[in-house]
Each structure stands twice: as structure tokens, then as C-alpha cells.
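Using this note's numbering, read the first sequence as starting at 1035 and increasing by one per residue. Heads up: the structure comes next, in C-alpha cells.
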Amino acid sequence: MGNSAIVDLSFFRRDVLRVAPELVGKIIARDFGSGLVKRYRITEVEAYRGEEDLACHASKGRTARTEVMYHHGGKVYVYLIYGMYWMLNIVTGEEGCPSAVLIRGIEEVVGPGKVGRELGIDRSFYGRLLEPESLLWIEEDGCRCEVVSTPRIGVAYAGPFWANKPWRFVDKDHFTKFKS
DNA sequence: GCGTCGATCTAC
DNA sequence: TAGATCGACGCG
């Protein structure tokens, strides 16, 4: 990955259905300290959109957990699932419009639980802005990739109307590596 | 206070 | 195919 620029926070302050597919192919950068910065190409994401989306945590309303989803875009939303895995999300949209993008895959790391582990994500990241001071940010290097959309994974509980929405976005070149 | 279940992953 | 493992949420 050659020259790349930090993605401005205004990028995230748009409809999640525009932000999510555009995030595929961008780079997530993590500063581990001691001068170690790792960069990973984003290969798979999912969009969660508003209180009406029964697969979205904001469908439960504004709670301590979902609070940050109601903020303006560009912040980190993390939560622990199954008592073991930290799910990494990026808040999108304007203030008061709860939505977020779940990072499901980065290069060779397939699966949101493994993404959180690889990036060393924990609850301390909740609410941070995506900027170098937060040790986690997004970069753009002009790479353009073809994006394939499919239904979201693991949200059958939301009912077929929402579970069937094609709001999972995958880099086509990586698509064959993903099992459905 | 207590029971249920989850935007998952791994090992048996 | 079941077990790990715990916080959020709903009920009362």
C-alpha cells in the first residue's frame, strides 16, 4: 500500500448505505504503540440502519450501549458478543440518525470476532473518533475494487424482511474466500 | 434479582 | 454440533 491519506470524518456523516460499500477497499490503520502501525485492507462490511432496522441494535432504542450510534458519524461503536468477541463498528450518518458499519473482514482475517482480536479492540475504543490520536483510523489510497452485496450474516432473529436486505458488502476479489 | 440470548468462533 | 462466557435487556 503506497501513498494514502487519512479519510476525513465527513466521509462517515452520510447514509450508511453509501458509506458501507465505499469502505470496502479502504484501509484501516491501527497504532499499537512503540512506532508499530499496521494497515489492513477492508474486505467485508455490513450496514445497520436506524431504529426501524430490526437487526440494528438501535431498534432497542437509545440505551447506554447504543448511545454512540446516535452521535454523528466517524466514531467507534464496539460491543462484546458471546462474552468473548469485540465487534468493531463505525458510526455513520448525522446526529440523531443511528446507523453503523460492522467491519467483518480485513485482508486475510475473515470474521468480525477475529477482526476485533487482530486489531486489539476492547471496550476502551467505544466512542473514540477515527483519527490518529485514537490509535485507530481509516485511510484511502485510491484503490478501487468491485463490491458484491449479499444478505447480512447471523441476523435471522430480525425476521426475513430485514434479514434479506442485501446490506453486506464484500470485495469481489475476496468473495470466493468467504463461506456463506 | 434472575433468566434469556446474542451482528461468533473453535474444537470435539 | 456443542461449549465457551458475560453484558444488555426484559420481566417483575
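The C-beta atom is built at its ideal place from N, Cα and C for all residues, glycine as well.
Asked, Found
"On the three-state DSSP scale, how would you describe Gly1139?", "strand"
"Would you kindly check if the distance between the Cβ of Tyr1116 and the Cβ of Tyr1160 is under 9 Å?", "no"
"Could you tell me which whole beta strand (DSSP E) segments of length 3 or greater appear in the region 1145–1175?", "1170–1174"
"Given Glu1165, which residues of its chain have a CB within under 7 Å of its CB, disregarding the five upstream and five downstream residues?", "Trp1171"
"Return helix, strand or coil for Val1053, following the three-state DSSP convention.", "helix"
"Going straight from the alpha carbon of Gly1059 to that of Glu1174, what length do you get?", "8 Å"
"Rank Glu1128, Ala1092, Ser1093 by C-alpha distance to the C-alpha of Leu1043 and give the top, closest one.", "Glu1128"
"Can you find the residues in the same chain that come closer than 6 Å, C-beta to C-beta, to Gly1108, ignoring five residues on each side of it along the sequence?", "Leu1043, Phe1046, Leu1163, Leu1164"
"Could you tell me if Arg1075 is buried or exposed, where buried requires 16 or more neighbouring beta carbons within 10 angstroms of its beta carbon?", "buried"
"Please report how far the alpha carbon of Ile1124 lies from the alpha carbon of Glu1056, in whole angstroms.", "13 Å"
"Count the other CB atoms within 10 Å of the CB of Ala1098; is the residue buried (16 or more) or exposed (fewer)?", "exposed"
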